[in-house]
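Right, one structure below, let's go through it.
Number of protein chains: 2
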Amino acid sequence: MAALYIALLHFPMRNREGQVVVTALTSLDVPDIARTARTYNVKKFYIVHPVESQRRIAMRLRDFWVSEEELPTRREALELVAIREDLEEVYQEIAQEEGVPPLVLGTTARAHLLPYPKLAWEEARRISGERPVLVLFGTGHGMTDELLAACDALLPAVRAGGYNHLSVRAAVAIILDRLKGEEP
Amino acid sequence: MAALYIALLHFPMRNREGQVVVTALTSLDVPDIARTARTYNVKKFYIVHPVESQRRIAMRLRDFWVSEEELPTRREALELVAIREDLEEVYQEIAQEEGVPPLVLGTTARAHLLPYPKLAWEEARRISGERPVLVLFGTGHGMTDELLAACDALLPAVRAGGYNHLSVRAAVAIILDRLKGEEP
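The listed protein sequences derive, respectively, from chains R and Z. In this text, residue positions in the first sequence follow the working numbering: the first is 87, and each later residue adds one. In this text, residue positions in the second sequence follow the working numbering: the first is 87, and each later residue adds one.
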C-alpha cells in the first residue's frame with residue numbers, strides 16, 4: 087500500500103477579497119484533522135505555517151494530546167502530526183522517507199474554474215494506491231492560484247455545482263473518504 | 087426530492103466511562119455542520135440541547151452569523167439551524183412540515199457491534215431519495231444504546247474495522263457525502 091500524506095497550509099492563502107495572506111492556526115484543526123488522518127491511515131499530517139509563534143501553538147496542542155495518557159485514541163491520532171515551516175521542507179522530507187518524490191495533489195472549491203491539470207476521483211484513488219501522494223489543503227479562502235498551479239494535479243471540487251463553502255475540517259474528511267472509503 | 091434533516095444531540099450521551107451524561111455545546115459545531123448541511127441540501131439542521139443556557143449560546147452563535155451581512159455564504163448556511171429542547175419536538179415538527187413522520191436513522195461508530203436494525207449505504211441512499219429522513223448525530227462518546235434502539239435503523243459505522251474516533255464534524259461530512267455524494 088502506497089503512503090498517503092496530507093498538509094494543512096496557512097500561506098500563501100487568499101482572503102475574502104482575493105488578497106494573499108497568512109492565515110492564523112485554528113486550534114480545533116489539530117485534533118480534528120489528526121483523527122480523520124488516523125482513520126484513513128494517513129502516514130503523516132503536516133501542519134505548515136511560516137510564523138514561528140503559530141508553529142509553537144500547534145506544537146503545544148500536539149504535545150498536550152500526545153502526553154494525555156487517559157485518551158489513547160487521541161494520542162494515537164496526534165502522533166501523526168508534524169509541524170513544519172514551509173511546503174518545500176515537507177516535500178523533501180517525504181521524498182527522502184519514500185525514496186521517491188510524492189505526487190502533489192491540490193484541493194480547491196474552485197477546481198472546475200481553473201485551467202490546471204485535474205484528476206478524476208477514480209484515477210486519484212488508483213494512483214494513491216500505487217505511489218506516495220501528498221494532498222494539500224488550504225485555509226482562509228483557499229490556496230492562491232500560483233500554489234495550485236505548482237501542484238502536479240488538482241482533485242475535483244466537492245459538489246462544484248452548488249454551495250461549496252465547506253470548512254477545511256469537513257473537506258479533509260470528505261476528500262479522504264472519497265480517496266480511501268472503506269479500503270485499508 | 088425527499089427532505090433530509092439532521093439533528094446534533096447532547097443528551098442522553100455516553101461519556102468515556104459509558105455513563106449517561108449531557109454534553110456541552112461545541113461552538114464550532116454550529117457553523118461547521120451548518121455549512122456541511124447547506125452543501126448537501128439538508129432542509130434543517132437541528133441542534134438539540136436540554137439545558138436552556140446552552141440553547142441560548144447556540145442561538146447567539148446562529149444569530150451572529152445570520153446577521154453578518156458581509157459573509158452571505160455563512161448566513162445562507164446558518165439559516166438552516168434550528169435550536170430545540172428535545173428530539174420528540176424535532177420529530178413532531180418534521181412530521182407536521184412533511185405531512186408524514188421522518189424515517190429516523192441513528193449513527194454510531196459501534197453500529198456493527200449492536201443488535202439493532204441496520205441499513206446498507208445503498209439502501210439508505212435510495213430511501214433518502216424517496217421519503218423524509220432524519221439522521222441523528224451524537225456528541226461526547228456517542229448516543230446511549232437506548233437512544234440508538236429507538237431509531238428506525240442505524241447507518242453503518244465509517245471504517246468499522248479500524249480506528250474509528252472521528253470528530254462529529256468529520257462524521258457528519260462523511261455520512262452526508264455517502265448519502266448524497268454529487269446528487270442534487
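For glycine and all other residues, C-beta sits at the position ideal for the given N, C-alpha and C.
Interface with chain Z (7 Å Cβ-Cβ cutoff): residue 249 of chain R is included.
The shortest C-alpha to C-alpha distance from residue 94 of chain Z to any of Z:197, Z:239, Z:172 and Z:212 is the one to Z:172. When Z:87, Z:155, Z:92 and Z:100 are compared, the shortest CA-CA separation from residue 232 of chain Z is found for Z:100.
Checking the DSSP bridge columns, you'll see residue 223 of chain Z partnered with Z:94. For residue 260 of chain R, the chain Z residues whose C-beta falls within less than 8 Å of its own C-beta are 259, 260 and 263, listed in chain order. The beta carbon of residue 239 of chain R is closer than 7 Å to those of 191, 203, 204 and 205 in its chain, skipping five residues each way along the sequence.
Residue 213 of chain R and residue 180 of chain Z have their C-alpha atoms spaced approximately 44 Å apart. Here residue 119 of chain Z is near residue 258 of chain Z, since their CB atoms are less than 7 Å apart. In this structure, residue 235 of chain R lies away from residue 195 of chain R, with their beta-carbon atoms at least 7 Å apart.
DSSP places residue 215 of chain R in the uninterrupted alpha helix (DSSP H) bounded by 207-216.
Under the 7 Å criterion on CB atoms, residue 238 of chain Z is classed as non-interfacial with respect to chain R.
At the C-beta level, residue 124 of chain R and residue 157 of chain R stay beyond 7 Å of one another.
Annotation: residue 88 of chain Z to residue 193 of chain R spans about 31 Å, alpha carbon to alpha carbon.
Within a 10 Å sphere around the beta-carbon of residue 149 of chain Z sit fewer than 16 other beta-carbons, which makes this residue exposed. Chain R places a beta carbon closer than 7 Å to that of residue 125 of chain Z, counting this residue as a contact. Taking a C-beta cut-off of 9 Å against chain R, the contacting residues of the segment 155-166 of chain Z are 156, 157, 159, 160, 162 and 163, listed in chain order. Comparing alpha carbon positions, the residue from R:246, R:241 and R:225 closest to residue 106 of chain R is R:225. Beta-bridge annotation (DSSP): residue 192 of chain R is paired with R:222 and R:240. Proximity to residue 260 of chain R across R:249, R:161 and R:245 peaks at R:245, based on C-alpha coordinates. For the segment 105-130 of chain Z, the set of residues with a beta-carbon nearer than 9 Å to any beta-carbon of chain R comprises 112, 114, 117, 118, 119, 121, 122, 124, 125, 126 and 127, in chain order. Straight across, the Cα-Cα distance linking residue 186 of chain R with residue 217 of chain R is about 9 Å. CA-to-CA, the gap between residue 112 of chain R and residue 134 of chain R works out to about 12 Å. Within 8 Å of the CB of residue 245 of chain R, the CB atoms of chain Z belong to 125, 126 and 268, in sequence order along the chain. Think of a sphere of 7 Å around the beta carbon of residue 241 of chain R: no beta carbon from chain Z falls inside it, the nearest being about 13 Å out. A residue is called buried when at least 16 other Cβ atoms come within 10 angstroms of its Cβ; residue 199 of chain R does not meet this threshold and is exposed.
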